[in-house]
Structure formats: structure tokens, C-alpha cells
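Using this note's numbering, the first residue of the sequence shown is number 130, and each one after it goes up by one. Every residue gets a Cβ at the ideal spot worked out from N, C-alpha and C, and that includes glycine.
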Amino acid sequence: MGHLDHAALGWLTPVLSYVMACTGAALGLRCTVRALGATGRSRRNWLVTAASAIGTGIWTMHFVAMLGFSVSGTDIRYDVPLTILSLVVAMAVVCAGVFAVGYGRDRTRALFLGGLTTGLGVASMHYLGMAAVRLHGDVTYDPLLVGLSVVIAVVAATAALWAALNIKSPVAVTVASLIMGAAVSSMHYTGMFAVGVDVTPATEVLPGATAMQFIFPLAVGLGSYLFLTSAFVALSPAAGEREASASARRPAQSVPG
């Protein structure tokens, strides 16, 4: 049995992954709030942005945390197609959950279905990402911890969608994002503590890419997307602000010159 280290780089990867999860959650919640106050194409665009932000945040959180994952006695590589598939799954299921909430007429039913779908999708993303791991040995899982990680994912997803429906103020969104980041990180590390590895000594080169060759550049790119989109959303006026600005201009335009 190889010794597993989930923080081989110290506190850097857990803290940075938590920041990514919080950033994605905050941006997703703000975009969903904007979407619920919009109609037509504008609502759809805000919901797509929300889904991409939350999905990107969750995926980036997972693989930034994986940069600190090591197993004694073996190198670790990542299957590139499976890793990309895990990102696609994260985006797709979060999009389904967000759209269910954004367009559902019965919000209680939409919240239940959206939370269940999104939570199972997040768990699928995690275990697809783990399936992409290549090492010298066999990976096993503790079924109880796997089940617990799935439950945490469903609860976290449902709570995030509930927050999107009910929380409006920036301060409340910030607090909710910190809680959601902690929930997503808890799901990840619960799933990682379920992992066991029976190392088989070998000399052949493992297939796939190293974390620094593939995961790190992709995580940096997606992290940059999150921060740039966050800046855009923060600087973009909300519907109420646009209406107030238009109301303020109308009297001035009606005064004769």
C-alpha cells in the first residue's frame, strides 16, 4: 500500500483550490441573480455564464487540489481525454441545474431536481477526474466515504441553487460563496480520503501527461477566466442600476435648451 499525500506542496494547493471554488460560486451566484431579473436572451446568457463559472470553479478546485496529490513509490500521470471529459461533464450538469432553476415554474421541484442533477454531476466529475489518474498500481475506494462524498455534493449543489434563488445582496452572496467553497472542498477531500493505492513497482513510462504539463496550464487558464469574468460582472451595472440611470437622464433630456 503506497503512502498517499493529499498536500504534497503544503497548504498552497488546499488554500488555492478553496479560493477557486469560492470564486466560481460567487460569480455563479451573482450571474444567477442577474438572470432571474432578466428576460429572453439576456436571461439565457446570464445563466450560461453562471453555469460556466460554477462548473469551472469546481473543476479548477479539483485539479488544483490534485497538484498536491502524490503516492510514494510511483509517478502520477493524467489521461488527457478523460480529464477534458470531466470538465465537459462539470459544465453540462451545472448548466442543467442552473437552467432548471432559472426557468422552472415550480421552484421547489426545480430546486430538488436541479440540486440532485448537479450534485450527481459534480461527483461524476470528481470520479472521472480520478479515473484519469495513471500510476503504477491499483486504485481502490472505501464505499462508505464515496457515498458520503456524493451526499455532500448533492447537498452542496442544492444549497448553491437555493442561495441563487433567495440571496440577493452582495454581502450575503459573499458569505454563501465562502460556505459553498468549503462544501465543495469537503466533498473533494472526502472523496480523496476514500482512495487507497496498492503500488506495483515498475520501470515503464506511464501514459498520459504530468500535472505540470497539462493540469497546471489548464487550471491557470480557467482560473484567469474566472477572475476576468468576475471583474466584468462586478463592473457591469445591474438591471436596477440601469433603470435608475435611465430615469435620472430622462428629466434632463426633457428640459428645453
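Asked: Start-to-end residues for the beta strand (DSSP E) that takes in glycine 266; Found: 266 to 270
Asked: Beta-carbon spacing of isoleucine 183, alanine 164 below 8 Å; Found: no
Asked: Alpha-carbon to alpha-carbon, alanine 239 and cysteine 151; Found: 24 Å
Asked: Residue span of the alpha helix (DSSP H) that contains glycine 248, given as start and end; Found: 236 to 260
Asked: Simplified DSSP assignment, three categories, for alanine 305; Found: helix
Asked: Within the region 164 to 208, ranges of the beta strand (DSSP E) (whole runs, at least 3 residues); Found: 205 to 207
Asked: Close Cβ partners of glycine 243 (< 6 Å) along its chain, the five nearest in sequence each way excluded; Found: Gly226, Ala229, Val230, Leu290
Asked: In DSSP terms, what arginine 263 is bridged to; Found: Arg206
Asked: Beta carbon of leucine 245 nearer than 8 Å to that of valine 302; Found: no
Asked: Cβ-Cβ distance between threonine 358 and leucine 156 below 8 Å; Found: yes
Asked: CB contact flag (serine 253, alanine 323, <8 Å); Found: no
Asked: Cα-Cα separation between valine 328 and leucine 133, rounded to whole angstroms; Found: 11 Å
Asked: Own chain partners of alanine 338 with C-beta closer than 7 Å, once the 5 adjacent residues on each side are dropped; Found: Arg206, Tyr207, Val209
Asked: Length at least 3, wholly inside the region 289 to 344: the beta strand (DSSP E) runs in chain order; Found: 324 to 328
Asked: Pairwise C-alpha distance: valine 300 and isoleucine 213; Found: 34 Å
Asked: Proximity winner among Tyr354, Leu307, Val262, relative to phenylalanine 343 (alpha-carbon distances); Found: Val262
Asked: Phenylalanine 361, buried or exposed, once every other Cβ within 10 Å from all chains shown has been counted against 16; Found: exposed
Asked: Where phenylalanine 192 falls, given that 16 or more other Cβ within 10 Å makes a residue buried; Found: buried
Asked: Residues near leucine 138 in its chain [Cβ-Cβ closer than 6 Å; skip 5 each side]; Found: Gly197
Asked: Selection from Arg234, Phe241, Thr237, Leu211 that minimises the alpha carbon distance to glycine 258; Found: Leu211
Asked: Burial state of leucine 273 (16 or more Cβ within 10 Å); Found: exposed
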